[in-house]
Each structure stands twice: as structure tokens, then as C-alpha cells.
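Trainee: There's a structure below that I have some questions on.
In my numbering, the protein residues as written are 3 to 114.
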């Protein structure tokens, strides 16, 4: 069983078969950026536990995976001229993840 956090608070628990969101997140409407984000973190945890993705699980790896899935590099870069709030809405992610994605992509460019 793997605990998933969002903003340093418990957000869900995942197993190889399923996951449970904490009430605060579960009660958000389907499609809400935070609910979608935490769900992708749970998918990563499930895939690590199932051996589909090599381990170990870390919150940082899960968040990086979620940014790769939800903010695909090519589509994200094509819209990089847009305000961060608009990018977050367009990609349906929590707003703080937009800036982190810019850093991810800059790190990738620097690493070559």
C-alpha cells in the first residue's frame, strides 16, 4: 500500500488493484484539476507496485510522471507564451505544476 500526498497532506492510498482518495479530494467534481492530478499520482503508484514501471515509488517521481502525462512537452511548449493560469486551465492541472513543468523542461535542455 502506498500513501499519496498533495501539498504535503495525505491525498490517497493506492494498491496494485485500486486507490482511495481522501474525502476532501473524492468530493471534488470529476475532472477537477486536483482530483485529476492525484488520480495520476495513484496510477503511477499502482504501476510501480505492479512492476510495470521500475521502482522505487517516490512522491517526486510520481509528480514528474504526472507532469509528463498531463503536460506533454510538445503541446506545453507550443503554448508557453500563455499566462500560467491559462496554461493550468488548458491542461487541467493544479496551477503550481505549470512553473514546475517549465523547470523540468529547462533541466532536460541543460542535460542535453
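Ideal Cβ placement from N, Cα and C applies to all residues, glycine included.
In this text, all values refer to a predicted model and were calculated from it rather than measured experimentally.
Helix, strand or coil: which one does DSSP assign to residue 16?
Mentor: In this structure, residue 16 counts as strand in the three-state DSSP scheme.
Trainee: Between which two residues does the beta strand (DSSP E) harbouring residue 78 extend?
Mentor: First-last for residue 78: 75-80, but that is the alpha helix (DSSP H), not the beta strand (DSSP E).
Trainee: I want to know whether the region 18-34 touches the region 63-73 - three or more CB-CB distances under 8 Å.
Mentor: At 8 Å Cβ cutoff, the stretches do not touch.
Trainee: Please state whether DSSP places residue 41 in a helix, a strand or coil.
Mentor: Note: residue 41 maps to helix in three-state DSSP.
Trainee: Of the residues 34, 44, 82, 96, which one's Cα is nearest the Cα of residue 23?
Mentor: Closest by alpha carbon: 44.
Trainee: Nearest-angstrom Cα distance between residue 98 and residue 69?
Mentor: Taking the straight line joining both Cα atoms gives about 11 Å.
Trainee: Can the beta-carbon of residue 35 be found closer than 8 Å to that of residue 90?
Mentor: Yes; because the gap between Cβ atoms is below 8 Å, this pair is in contact.
Trainee: Exposed or buried, which one is residue 84 when buried takes at least 16 other CB atoms within 10 Å?
Mentor: The residue is exposed, with fewer than 16 neighbouring Cβ atoms inside 10 Å.
Trainee: State the Cα-Cα distance for the pair residue 80 and residue 112, rounded to the nearest angstrom.
Mentor: Their backbone Cα atoms lie some 19 Å apart in a straight line.
Trainee: Check residue 107 in the structure and name its three-state DSSP category.
Mentor: Three-state result, residue 107: helix.
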